[in-house]
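In what follows, a structure is listed as structure tokens, so that the remarks can point back to it.
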Amino acid sequence: MHPSGPGEIGLTRRAAIGYAGAAALAGAAALAGTARPAAAAARSYTFDLVFDVPDTGNMQGLAYRRGRFYIGFDVGGGKGVIREYDRDGTKLKESAPLEVGHAAEVGVRDRDGLLYVATGGGTNPTKVNVVDWTGEPRIVRTIDFGSLGNSGLVAVDNKRDGLLVHAGPGDNGPFVFAFTDLDGKVRSTFPLAYQGVPQGLEMSGDKVLYYTNNTITVLERSGTILEAIAIPLTGESEGLAVAPAGRGSRVFVGYNKPNRVYAMKPVFR
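Heads up: the sequence shown begins at 369 in the numbering used here, then just goes up one per residue.
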């Protein structure tokens, strides 16, 4: 959403070594009882380039389903374009400019392939637009989460057939995470202090994956932080996607400058 902060680590673009450290847990210290001991974060990951995105626009949200990537681009004027790519980076389909705002994050419902696109932006009231991707892509309905705040992100909670929505007064939080049904009725919430500029959101089973610049924070559904996965890549983090893989999930992260998509290995569990 915003330029990356200082301290980025330059590595080769084909592969980068990530580690699950405890440093990013410090940002949650203001929330009593939300952080586990640093020893809980002991796994390591690599990040391998999947493809360079052939489009050079303002890349934002990311989703994945059945071998296809869906990427949102902010084209200005409150509009966004969604483009579909295969794993080689070949563009397969593109929407017209849609009223989806910043297109800050894209989620996909497994049952029907509908896309859920969050407006994003620290001054923009949170809305989630539901996009039918069959035929000519179009918005079929809009769910207004403006009462939760701005800086919206969304993930589809496919395990419970609902949504997880992120919002706050601005990009610096504090934030609320709301589990809702598909019509926007809130089922439960939890708060979270600032972990970094919000860039992506996903569910892996019952675990919440929250993507800020160069970090994926893993939380329980209650908001308890389990670990923080540092990503030593350069550019601005843009969009997070998952795909079922046995008892875990394949995790994909987006970056811009230039636009590209990486796969996290091994499978997240």
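No residue lacks a Cβ here, since even glycine has one placed at the ideal position from N, Cα and C. Quantities reported herein were computed from a predicted structural model and do not represent experimental measurements.
How about I507 and V496: do their beta carbons lie closer than 8 Å? Stepping through the sequence shown from its first residue, residue 507 is reached at position 139. Stepping through the sequence shown from its first residue, residue 496 is reached at position 128. No, they are not a contact pair.
In the structure shown, what three-state DSSP assignment does L417 receive? Reading the sequence shown from its first residue, position 49 is the one you call residue 417. If DSSP states are grouped into helix, strand and coil, L417 belongs with the strands.
Just confirm the distance between the C-beta atoms of F513 and L532, as a whole number of angstroms; I'd bet it's less than 8 Å. By one-based count along the sequence shown, residue 513 stands at place 145. By one-based count along the sequence shown, residue 532 stands at place 164. 11 Å between Cβ atoms; not a contact.
Cα-Cα separation between T583 and V635, rounded to whole angstroms: Counting from one through the sequence shown, the residue named residue 583 turns up at place 215. Counting from one through the sequence shown, the residue named residue 635 turns up at place 267. One C-alpha to the other measures close to 17 Å.
Taking contact to mean 3 or more Cβ pairs, one atom from each stretch, closer than 8 Å, check whether the region 603-614 and the region 547-557 are in contact. no
So, for D500: in the same chain, excluding its five sequence neighbours on each side, which residues have a beta-carbon less than 7 Å away from its beta-carbon? Within the sequence shown, numbered from 1, the residue matching residue 500 stands at position 132. L482, R506 and V508, listed in sequence order.
Where D420 falls, given that 16 or more other Cβ within 10 Å makes a residue buried: Against the sequence shown, residue 420 aligns to sequence position 52. When all chains shown are included, D420 counts as exposed.
S590, DSSP secondary structure in three states: Mapped onto the sequence shown, residue 590 falls at position 222. Residue state, collapsed to three classes: coil.
Assuming contact is defined by CB atoms lying nearer than 8 Å, are Y630 and L430 in contact in what I supplied? Position 262 of the sequence shown, counted from the start, is the residue given in the question as residue 630. Position 62 of the sequence shown, counted from the start, is the residue given in the question as residue 430. Not in contact: Y630 and L430 (Cβ atoms no closer than 8 Å).
Considering only the beta carbon of each residue, do R455 and G435 sit closer than 8 Å? Along the sequence shown, one-based indexing puts residue 455 at 87. Along the sequence shown, one-based indexing puts residue 435 at 67. Contact flag set, yes.
Residue from T510, S617 and G520 whose Cα sits closest to the Cα of S572: Residue mapping note: residue 572 aligns to position 204 of the sequence shown, counting from 1. Comparing Cα positions, the closest option is S617.
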